[in-house]
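Worksheet for the structure shown next.
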Amino acid sequence: MRAPSTRAAPLRALLLRTRSVGTRSVLANRATTVSLVAILVLLVAALAAPVLTALAGTSPTAFDTGALDANLGGLPRGGFGGISSAHWLGVEPGSGRDLFARILYGTRVSLLIALAATAVSVVLGTVLGLVAGFFGGWADAVIGRVMDLLMSFPSLIFMIALMSVAPAANRELLLVAVLGFFGWPYAGRIVRGQAMSLSRREFVEAARALGANRRTLLFGEVLPNLAGPVLVVATLSIPACVATEAGLSFLGVGVRPPTPSWGQLIAQAVPWYAADPLYFLLPGALLFGTVLAFNVLGDAVRDALDPRGGGR
Amino acid sequence: MIWYTLRRLGVAALLLLVICALTFVIFYVMPDDPAQQACGKACGPERIAQIRDTLGLDRPLYHQFGSYLVGVFAGRTYGTGALSVHCGFPCLGFSFQTNEPVWRLLVTRLPVSVSIAIGAAVLWLVVGVTAGVISALRRGSLWDRAAMAAALGGISLPIYLTALLFQYVLVIKLGWLPHPHAVSLFVDPLAWVQSMIMPWTTLALLYAGLYARLARGEMVESLGRDFVRTARAKGLPERTVVLRHALRPAMTPVVTVFGMDLGALLGGALITESVYGLPGVGKLASDAINSADQPVILGVTLFAAGFIVLANVAVDLVYALLDPRVRHAT
Amino acid sequence: MSLLEVSELSVVFGNGVRAVDRLSFDLDRGSTLCVVGESGSGKSVTSLAILGLLPGAEVSGRITFDGVNLVAARPAELRALRGERIAIVFQDALSALNPYYQVGFQIAEAYRAHRRVPMAQARRVAVRMLERVGIPDPERRAREYPHQFSGGMRQRVMIAMALCLEPELLIADEPTTALDVTVQAQILGLLDELRRETGTSVLFVTHDMGVVAGLADEVLVMRGGRAVERGPVDRVFAEPAEPYTRALLACVPRIDRPVPDRLATVPPMEATR
Amino acid sequence: MTVLLEARDLVMEFPVRHALTRRVVGRVAAVNGVSLRIRSGETLGLVGESGCGKSTTGRLLTRLLTPTSGSVHFAGRDLATLSERALRPVRRELQIIFQDPFSSLNPRKTVRQILSAPYRYQRVAEREPVERQLARVGLLPEHADRYPHEFSGGQAQRIGIARALALRPRLVVCDEPVSALDVSVQAQILNLLKDLQEELALSYLFVAHDLGAVRQLCDRIAVMYLGTVVETADRDTLFAGPAHPYTKALLAAVPIPDPARERARPRVPLTGDLPSPLDPPTGCPFNTRCPKAADRCRVERPVLRAHATGHDVACHYPEETTR
Amino acid sequence: MASRTRTASLGASLILGLIAVAGCGGAHGGAADSQAAGTHRGGTLHVLSTIDLEHLDPARAYVTSTQDVVRLVYRTLTTYAAAPGRAGSSIVPDLATDTGTPSDGAKTWTFHLKEGLKYEDGRAITAADIRYGVERTFAPELPEGPPYARTWLAGGASYQGPYKGGDLAAIATPDDRTIVFTLNRPVADFGSAAALPMFAPVPKDKDTGVGYDSRPFSSGPYKIDTFEPKKQLTLVRNESWDQKTDDVRKALPDRIEIDLNLDGSVVDQRMIAAQGEDANAVAFEPIGPASVAQVQTDPTLRARLITGESENTRFLSLNTRRGQLGNVKVRQAIAYAIDKDALRLTRGGPIAGDLATTILPPSVAGHVDGDPYPSKDGKGDPDKARQLLAEAGVAGGIDLTLDAPATNGGKAQAEAIQSSLAKVGIRVAVNEVSGSSYWSTVGNTAQEHDMVIDGWTPDWPGASTYLPIVLDGRAITKQGNNNRAQYDSSAVNSRFDQIAALPDANAANAAYGQLDGQIMADAPVVPFLWDKAAILVGPNVVGAYGHVGYVGRLDLVSLGLRG
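Chains as they are written, first to last, in my numbering: chain E, 1 to 312; chain B, 1001 to 1330; chain C, 2001 to 2273; chain A, 3001 to 3323; chain F, 4001 to 4563.
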C-alpha cells in the first residue's frame, strides 16, 4: 500500500477489501452451485423475456384496467396482487399491467446495465490501475489523485444529481456510464496494488533484461497475472452495480418509463406497500436474491483464486 | 506529525476545491436556465432578463464560481440597494426553493443525520465486530457458518427494501413502532429511540454484515501471525493472546474503515432518510435534487464531501497513532 | 535421566503431509543438541511440536520433558511450561515480535506470565535482560518498538525474552539464518556465552553444518521427517556413518580447504514410505 | 585477457521517503563510487553483507537500473546513457540470473513460453528449440509444457539459467543465484554454472554473500561495504591474505564445518551494527566497526588503490600480506 | 442567490403528481355563510402535508395550497366565502367594507377599510400598507406572484417596484382607510382579484425584501411562531386580531402545526390510524390511490373522508404548431383514443373526480354539458380514432413526444397515454421534466414538445380567467406561456374580445360555455378529469369541508377541535 491515504474507502471498497472469509467452507459448494444456477436461469429468462411473455400472453406495457377495481383506487381484483391464470404474478395497481412481464423485462434491463457498467468500470480500472501501478511516479500520482478524488465524492448524491439533470435520451447508456465512471477506482485501486507488487517481481526484470518493451511488459507479463484479482473485482462489482442501479431507479433518476427495472418497480410499489405488499415483495425478493447469488459467487471466486487461501 | 496533519489538511482542502468546481460546473451549466426556474409561470422575457442580472448569470462561469468561493470563505452580498441580502460566512448561497441560506439548512438538518449515523454505527460496530471476532475464533463452527451466511444476506439486502419491510411489518402490520419522525433526543428520548430504531437497524444490517466479514478476515489473519505464536510460546493465557496480541492488529483496519463509513454517513444517509421521511441532510439532498434546487445540491454535495475528506484525514491520523510502525517511520 | 526425551514422534498435518515420522532422540541437561537438515526435513516442526504450537496438526508419540509427556499434557500444564521452563527463539524476529508493543513490554509480559510481580518490576527485569544480551542503552531501547531495531538487535531481544525466566530448555529455531555472517557470529557467540552462564540445555535447529560444528555437543541429522544419523558432534563430522550425512558435509563449498573442481552432490532420497 | 565490461565511478542514489508523508526526506547512496572491470572468460565475485549495494551494482551493470552517475562500458558503448531501444541489441550479450527462482518466472506462462520469449522480445528467429535449452541445464523435454509452480526450486533456477542463456550472452550477472536454495541444490547449480561457463565461454559477475560459493566459482573477487568496493584481488590472494580489516572479519565469521577448528576459533570478529546508509560515517565507511581505526580513518576516506599486483585495497592501514 | 423558484406544487408530491395550477378567485356579492359546527376554542390542530409551502410572502404566494394556509395569517381586501360547495366561490369583503366600488367604466376601483384592523403588534392597518404590498409585486426580486397588478395598473409596465421606483401613481390613498386603484383598462372582476394575497397589507418597516418570505407580518388570527421550510410551520394565536372585524375566519384552535414534506403513504397511514395527536390532525392533500381501498371498505374511515369539489380540469394539450398535430383530424383521433378511465385510475379511480368532456368544469359558471368525442365508460374509441387517422393520411401511425412531470403520478399518466395511443398506432416517447421546472419548461415554446400533460384552475371563479388565458392565440409568449396547445384561431380570438366586452357577467359566462364547445370541436386540448379532492380528517376535528377555491382542500379557517 502506498501512503496511508490510499487505504480503502466506503462501501464497495470495503466489500472488495474484505479478506476472503472462507465462505468456500462456510457456505459449502452447494450454495455456490445454487447461486450459479440461479444466475444462469435469470440470465436465460432475461434473454428469453419476449418469448416467455408471449407464452404467458402478456406484455409489459399493455394496460388491463379490467383486472383492477376502480372503486378501490385501482387495487387489483382478487387477493394476492391479482394473481390469476392471465397474470401469473398479478398486476400492477393503477394500470393493470402484467407483473410477470414487467419483472422479466426489468430483469433484462437491470442485468444488462449492471453487466455493462461492470465491464466499463473493470476495463477502465484495470487499464488505469495497471498503468499507475506499473509505471509509478508521475502516472501513479495523477491516476492515484483522480481515484482519491472520485472516492471522496459523495457518489450516491452526486450520481442522483447528475442523473436528474442529464438529458432524457438513452438513460440506460447514461446509467452504464455513470456507474462505470464512479466504479472504476475500486477496481483500479486493487489492480494498482497488484500491478505494483507484480512489477517488482523478478520475472518483469528478467523480461526487461531480455529486451522486452514497455507494452510487452505491461500486457504480456503483468496483465496475465491480474486475471484473478480482476475476475474477483468483476464478480463483486456486478451485485454492487445491480444494487446501485436499482437504488437510482428507486429514487426516480434511473431508467425512464415505460421501461421497467427492478428499482423502478419497487419505487412504484412504495405507495402501495400497505395495500398490495406483493407488488413490492416480488421484485424486492428477486433483487435481493440476485445480489445475494452474485455475492456468494464472488466469494467463491475469491476463495478459489486467493493465493493466501485466507479461508483455510 | 503536525506537518503531516497540516499537509493532509491542505490536500483535503484542495480535493474539496476540485469537487466544488466540478459540481459547480455540472449543476450550474447543465440544467435549464436557473432564471427561468426562479421566475415561475407568469413570467415574461424581460422579467427573466432582470433575474439573470440579479443572479449574476450573465457573467462568465469562472466569475460566478469565483463569487461562490469568496462567499464560502468570506460571505457575500447578493443584489444591490434596499433588497440586497448579506450571506455570512460560510455562505453556500440561498435555496432557490425556500430562500433560506444553504448553510443554515445544512446545520439544522445535521442533528437528524448525526442521530442516525451514530446510533447505527454503535449498533453495527458492536454486533458486526463481535460476530466477526467470534467467528474467527471458532472457525468452521456452526456459529461461524450461520454468522457469515447472515452477514452475506445483510450485505445483499438493499437498504430501501429493508426499510420498506421494516415499515410494513413493524409499523403497519404489527403496530409496534410509530412512523419515524424527527424528534430531538433532548426533548423526548423515548420517541427519539422509537423513531430511530428502524433507521439504525436498517443501516446496521448492511454494515454489520460488512464489518463481521471484515473483522473475521482480519482476525483470522491476525491469529495466524508469528507474533501470536510467540505470545503462546511465552506461556501467556489464551485470553491475553487473543485480546492483546491478535485483536489489536486486527482492529486497526476496522477502525480506519469505520472512520470513513461514519464520515460518509454523517453527510447524510440519503436512501434511509428518504424512505423513512426523516429530515436529515440526505433527505435535504434528495428533496433538492427533486426540485432542481442547485444551490442546495451544491451545498449538500460539498458538505458531504467535506465529511468524507475530513474522515479520510482523521483516519490517516488515527492510523498513524494506532500503528507504531507508521508513527515512528522516517 | 535426560531432560527431554522424544520417542516415536510423528506429526501429520491436516492436508495429510507427514512432516515428522517416528522421530526419537533425547537431550541431556546442560548439553546442546543441533538438529540439522534441509528444508522440509521436519526439523522446525519438531521444535514447534515440543511446545505444542502446532494447531491443527496430529501429533503422536511421546515428548517427555522432565518426566512429563507433553503430547498428552493438558493445555494449562503446557502453558505453565512455555516460557517458564521451555523457551523458544524463532528465525524471523521481525514477525515474531508484535509490532504494536514496546520490546520492553513484550519481555516484561513474558516475565509476568509466570511471576506475579508488578509491571514496574517486570520492566526492570526486561531492561536488565536487554543489557545482558548486549543491547546498548537498554533503558531507552526498552521503550522502542521492534521495527526500530536492526535484525541482529531484534534477535537479541528475542533471546532476552526467551531467557528472562531462565528456562531449562532453550529451543533455537534457525535463529541466525536470516542474518549476515558477521551478525550471525555475534549472535552465536552470545548464545554460547549465555548457555555457559545459565547451564541451559539447547535444542538448536539449523541447516548450516558450520554452525553445528561450532555449537553442538550432539548432532541429529534429519531428512524427510526422519532421523538419518545421531551422535556426538566430533564423531559425526569425522566419521559420518550415513551417506546422506557425508554428502551434506561434502556438498558445502568450504573456505578452509582447496577448491574442488566440482562440488559433491547429494544423492536423491529413496522413495520410501 | 580483454576487458569485457568496465564500470567507472558508479553512483546510485535512491530517494528516501517518509513512510507517512511520502515526502523525500533524503537520499541514500546504495552504490557510492564503484569501479569494476570484468575480463572476458573470467568470473568476478561481488561479495558483501546485506545492504552493501552488491545487488544494486549488478542491476546497474545490466541497466535494469539507471545510475545516478558513472559509466558502464560494454561492447564499446556506455550502457549508462543508452536509451531502452538502443539497449535492446546490447541485451543479447548481457544477461542476468536472479535470486528467487520462482519470482523470476512468470507464473502464468509455461516453460516453453518462458524460454522462447527472449527470441520474441529481440525479434530474432528461434535459435534453439526449447528441448535443447532444457537439456543444456539438465532438464527433460517433457518439462517444456509445465508451469513454474510444478518445479522444485533447483529446477526453477535451471529454467532461469536456460532463459538467460537463450540469446547466447557473453556476460551473465548472477545475482545471488543459490542463496534461496538448499545446500545440496546449491552445489548442483554451482556445478552447472561452472560447466556452462566452459561450454559457452561465458563471463560471470557472481553476486553473493556466501564466501564459500564465491570461492568455489570466482577467479577474482571484489568485496563491498556500505556501497563501496573495499578490496579486490584474485581468489587465492584474497582468501589467503585479506588486506582490508573488513574482509578479514568477514572471512573470520564464516563458520567452518569442522568442530575442532570452530571451537578453537575466536568468536565475534566484529562488534556493533552496520551504520545506517542514510547517515553514513565520514571518512572510511568501516571506521565505526574497525578494530584498527585511527583518527585519519574518521576524516579521510580511503580510495581503492594497488596494495600488491592485482590486489587493490581501500584502507589507510591495510594488513600486511602474509604470504 | 437572491432568488427563488417557480410556482406550481408539482415537485413536492411524489405520490399524486398534482397538476395544481395556481388559482384564486371570486365573483361579486354573496356573504360569508358561517358554519354551524364547532364553536369550541382551543387545542392544537395538526395539518399533515406531503407538499411544501411555496412562498408565504403575499407578493409571491400564487399556489392554492399556500393561499389556503396564508389566509390564516394575513387578510386581503376581499376573500372567498368560507363555505362548502359552490358557495365557496363567492367573494366577500375582508379588510374592505365591501367588494369594491368601480367607477370610470370599471377603470377606477375604490375600497374602504374596516375600522379597528390591527397587526400582530397592535398597530393599525392602513391603506398605505396595502398600496405598499401591491407595489412590492412589481419588484423583479419578487417575481412569482400573479401578473394582474402589473398588467392592469396604469403605468405598471415601467414601474420597478418600491425598492427602486418610489411609489406607483396608479394607487392613491387619500386617507388611511381609503385606497383607489387606477387601471389602464376596464376590469369588471377587480373586486375578485382583490382576494389574491398580493392585496394584503405589508408594513414598510417590517419588509425585509426576499427575507419577508420566511415570516410575513400577521394581520390575521394567527401569527407565525416558527417556520422551518420543508419541515414545519407553527402558527399561534395573534392576540391583536379582532374577531369582530372578521366575518370569515373562525380561529378556533389555539395553535396550528403544519408538518411539511411528509411521505404520502405515511400521511395516509397516520390519518387512518388516527392515534394520539393524529386524532386532532387533518391531511392537507387528497389520499393516495393506494389508500382508497382501505378507506372505502371501512365505514368509519369513509365517514372521516371529506370530498371537495374543485375548479380544476386536467387535460392533454396538443401542440397545434407541431407536425401532424396541426391536422385537426389527428387531434380528434387522439381525443377519441385517450382512455380517460385509465388516466383517472392512475389517480385512484372515481374518488379522484369525474371524467371530463369539456374544458370548463361543472363547478364553473357557464359550463355547458357536452361530449364531442364519446366512448363507452370513457375508455376511448380506438376504431373511430384509427378511422380519423386514416382520413388524415397517417394510418401507418405517427411518432409524438409527450412532456410529463417526473413524478410517480406524472409518469403513471404518461404511461396511460402512451398505452392508449399505442392502440391506434401513435408511438409516444415520454420526455420527463423535473417536477419543479415542469411549468417553466412546457411554458417555453422552444422547449415544449408535441403533447403536454396539462391542466388549469382559474385564479378566481368564473370562465374569464380560464379560456382566454389557456387558449387565446395572442397570449402565446416564448416563455411563461400558458397556451400550451399554441392554439391560435382568429375566430376564437375575436370571440374572446366580443365576450370581454359584454357588460353582463352571466351573459359572458354563457358565451364562454358556448365557445368551449366550439373550441372542443378543434380538439386543441383533450380534457380528461374534473378534479375532486378526497381528504381524511381526524375524528376529533370539526368544521371540515372541501373549499372549491383551494381545489377541494379543507378550508383551514373553519376547522376546530372537539372540546
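Ideal Cβ positions, reconstructed from N, Cα and C, are used throughout, including at glycine.
Point to revise | Option nearest ARG3127/A by Cα separation, candidates ARG3168/A, ASP3145/A, GLY3153/A | key: By 1-based counting over the fourth sequence, the position of residue 3127/A is 127. Selected option, being the one with the closest Cα: ARG3168/A.
Practice item. Determine which residues share a DSSP beta bridge with GLU2058/C and list them. Key: For the purposes of this step, residue 2058/C is taken as residue 58 along the third sequence, with counting starting at 1. Paired residue(s): VAL2012/C.
Review point. Between the C-alpha atoms of VAL44/E and ILE103/E, what's the straight-line distance to the nearest angstrom?
Key: Locating residue 44/E in the first sequence gives position 44, counting from the first residue. Locating residue 103/E in the first sequence gives position 103, counting from the first residue. Using only the alpha carbons, I get a separation of about 14 Å.
Point to revise | For LYS4107/F and VAL4187/F, the rounded distance between their alpha carbons | key: Numbered from its first residue, the fifth sequence carries residue 4187/F at position 187. Numbered from its first residue, the fifth sequence carries residue 4107/F at position 107. Spanning the alpha carbons of VAL4187/F and LYS4107/F requires a straight line of approximately 6 Å.
Review point. From this set, VAL4092/F, ASP4259/F, ILE4359/F, LEU4402/F, which residue's C-alpha is nearest GLY4513/F's C-alpha?
Key: Working through the fifth sequence from its first residue, we reach residue 4513/F at position 513. Looking at VAL4092/F, ASP4259/F, ILE4359/F, LEU4402/F, the one whose alpha-carbon comes closest to that of GLY4513/F is ILE4359/F.
Review point. List, in order along the chain, the chain E residues whose C-beta lies closer than 7 Å to that of THR3062/A?
Key: On the fourth sequence, position 62 is the one that residue 3062/A refers to. At a C-beta separation below 7 Å, THR3062/A has these neighbours in chain E: ALA209.
Check your understanding: When we look at the beta-carbon of PRO3198/A and count the other beta-carbons within 10 Å, is it buried (16 or more) or exposed?
Key -> Position 198 of the fourth sequence, counted from the first residue, corresponds to residue 3198/A. Looking at the sequence shown, residue 3198/A is not Pro but Glu. Flag for GLU3198/A reads exposed.
Review point. For the region 1210-1227 of chain B, which residues have a CB atom closer than 8 Å to at least one CB atom of chain C, in sequence order?
Key: Answer set for the region 1210-1227 of chain B: ARG1225, ASP1226, PHE1227.
Point to revise | Boundaries (first-last residue) of the alpha helix (DSSP H) holding PRO4382/F | key: As a working note, residue 4382/F is residue 382 in the fifth sequence. Bounds of the alpha helix (DSSP H) holding PRO4382/F are 4382-4391.
Review point. Who are the Cβ neighbours of TYR2111/C in its own chain at under 8 Å, not counting the five residues just before and after it?
Key: Counting from one through the third sequence, the residue named residue 2111/C turns up at place 111. Here the set comprises VAL2117, ALA2122, VAL2125, ALA2126, CYS2164, LEU2165.
Check your understanding: Using a beta-carbon distance below 8 Å, is PRO4289/F in contact with chain E?
Key -> Taking the fifth sequence and counting its residues from 1, the one referred to as residue 4289/F is at position 289. So yes, PRO4289/F belongs to the interface.
Check your understanding: What alpha helix (DSSP H) runs, 4 residues minimum, are completely inside the region 238-283 of chain E?
Key -> Taking only runs of at least 4 residues, the alpha helix (DSSP H) segments lying wholly in the region 238-283 of chain E are 262-269.
Point to revise | Closest by C-alpha distance to SER4090/F, when choosing among TYR4550/F, LEU4561/F, LEU4556/F | key: Residue 4090/F sits at position 90 when you count from the first residue of the fifth sequence. Out of TYR4550/F, LEU4561/F, LEU4556/F, TYR4550/F has the C-alpha closest to the C-alpha of SER4090/F.
**Study point:** Proximal chain E residues relative to ALA3144/A, where beta-carbon distance stays under 7 Å
**Key:** Here the question's residue 3144/A lines up with position 144 in the fourth sequence. Correct list: empty, because the minimum Cβ distance to chain E is about 18 Å.
Check your understanding: Counting Cβ pairs closer than 8 Å, one from the region 2217-2228 of chain C and one from the region 2019-2035 of chain C, do we hit at least three?
Key -> The region 2217-2228 of chain C is in contact with the region 2019-2035 of chain C.
Exercise for review: Specify whether the region 1300-1307 of chain B and the region 131-151 of chain E touch according to this definition: at least 3 beta carbon pairs, one from each stretch, less than 8 Å apart.
Suggested key: Verdict: no, contact absent.
Check your understanding: Going along chain F in order, which residues have a C-beta closer than 8 Å to the C-beta of GLY133/E?
Key -> Here residue 133/E is taken as the residue at index 133 of the first sequence, counted from 1. Residues of chain F passing the Cβ test: none, with the nearest at roughly 42 Å.
Check your understanding: Is the CB of PRO2258/C under 8 Å away from at least one CB in chain G?
Key -> Protein chains E, B, C, A and F are contained in the structure displayed, whereas chain G is not.
Review point. At a cut-off of 7 Å, is ARG3127/A close to the ligand NAD when judged by its beta-carbon and the heavy atoms of the ligand?
Key: Here there are no bound small molecules, and the ligand NAD is not part of this structure.
**Study point:** Inter-residue CB distance, TYR273/E and GLU92/E (contact presumed, cutoff 8 Å)
**Key:** Here residue 273/E is taken as the residue at index 273 of the first sequence, counted from 1. Here residue 92/E is taken as the residue at index 92 of the first sequence, counted from 1. With 8 Å as the limit, TYR273/E and GLU92/E do not qualify as a contact, their Cβ atoms being about 13 Å apart.
Review point. Per DSSP, which one or two residues make a beta bridge with THR4226/F?
Key: Counting from 1 along the fifth sequence, the entry for residue 4226/F is found at position 226. The secondary-structure analysis by DSSP pairs THR4226/F across a beta bridge with THR4234/F.
Check your understanding: At what residues does the alpha helix (DSSP H) containing PRO4289/F begin and finish?
Key -> Stepping through the fifth sequence from its first residue, residue 4289/F is reached at position 289. Taken as a continuous stretch (DSSP letters only), the alpha helix (DSSP H) holding PRO4289/F covers 4289-4296.
Check your understanding: Can you find a C-beta in chain C that's less than 8 Å from the C-beta of LEU1317/B?
Key -> The count along the second sequence starts at 1 and reaches residue 1317/B at position 317. Output row for LEU1317/B: interface = no.
Exercise for review: Report the option in GLY4563/F, TYR4545/F, LEU4561/F, ARG4562/F whose CA atom is closest to the CA atom of ASP4068/F.
Suggested key: Position 68 of the fifth sequence, counting from 1, holds the residue named residue 4068/F. Minimum Cα distance to ASP4068/F is reached at TYR4545/F.
Exercise for review: Give the range of the alpha helix (DSSP H) segment to which SER155/E is assigned.
Suggested key: Sequence index remark: in the first sequence, residue 155/E carries index 155 (1-based). 155-165 is the extent of the alpha helix (DSSP H) around SER155/E.
Review point. Going by alpha carbons, who is nearest to SER3040/A out of ASP3236/A, ASP3312/A, GLU3006/A, PRO3255/A?
Key: If you number the fourth sequence from 1, residue 3040/A lands on position 40. Sorting ASP3236/A, ASP3312/A, GLU3006/A, PRO3255/A by C-alpha distance to the C-alpha of SER3040/A places GLU3006/A at the top.
Check your understanding: For LEU3061/A, is the classification buried or exposed, using 16 other Cβ atoms within 10 angstroms of its Cβ as the cut-off for buried?
Key -> In the fourth sequence, counting from the first residue as 1, residue 3061/A sits at position 61. For LEU3061/A, the number of other beta carbons within 10 angstroms of its own is at least 16, and it is reported as buried.
Check your understanding: How many angstroms separate the CA atom of GLY4397/F from the CA atom of THR4407/F?
Key -> Along the fifth sequence, one-based indexing puts residue 4397/F at 397. Along the fifth sequence, one-based indexing puts residue 4407/F at 407. THR4407/F has its alpha-carbon roughly 28 Å from the corresponding atom of GLY4397/F.
Review point. Can you list the residues of chain C that GLN3188/A reaches, using a CB-CB cut of under 7 Å?
Key: The residue labelled residue 3188/A in the question sits at position 188 within the fourth sequence. Near GLN3188/A (Cβ distances below 7 Å), the residues of chain C are THR2265.
Practice item. Confirm, please, whether the CB-CB distance from ALA4193/F to ALA4180/F is below 8 Å. Key: If you number the fifth sequence from 1, residue 4180/F lands on position 180. If you number the fifth sequence from 1, residue 4193/F lands on position 193. This sequence places Val at residue 4180/F; Ala is not what is there. In this structure, ALA4193/F does not lie closer than 8 Å to VAL4180/F by Cβ.
Check your understanding: Near ALA3293/A, which residues of its chain fall below 6 Å by C-beta distance, leaving aside the five closest residues on each side in sequence?
Key -> Translated into the one-based positions of the fourth sequence, residue 3293/A becomes position 293. Result list for ALA3293/A: ASN3287, in chain order.
Check your understanding: Do you know offhand how far LEU2191/C's Cα is from PRO2267/C's?
Key -> Position 191 of the third sequence, counting from 1, holds the residue named residue 2191/C. Position 267 of the third sequence, counting from 1, holds the residue named residue 2267/C. Whole-angstrom Cα-Cα distance: 34 Å.
Review point. Under a three-way DSSP split, which group does CYS3290/A fall into?
Key: Within the fourth sequence, numbered from 1, the residue matching residue 3290/A stands at position 290. Note: CYS3290/A maps to coil in three-state DSSP.
Point to revise | First and last residue of the uninterrupted beta strand (DSSP E) at LEU217/E | key: Mapped onto the first sequence, residue 217/E falls at position 217. In the DSSP assignment, LEU217/E falls outside any beta strand (DSSP E), carrying neither H nor E.
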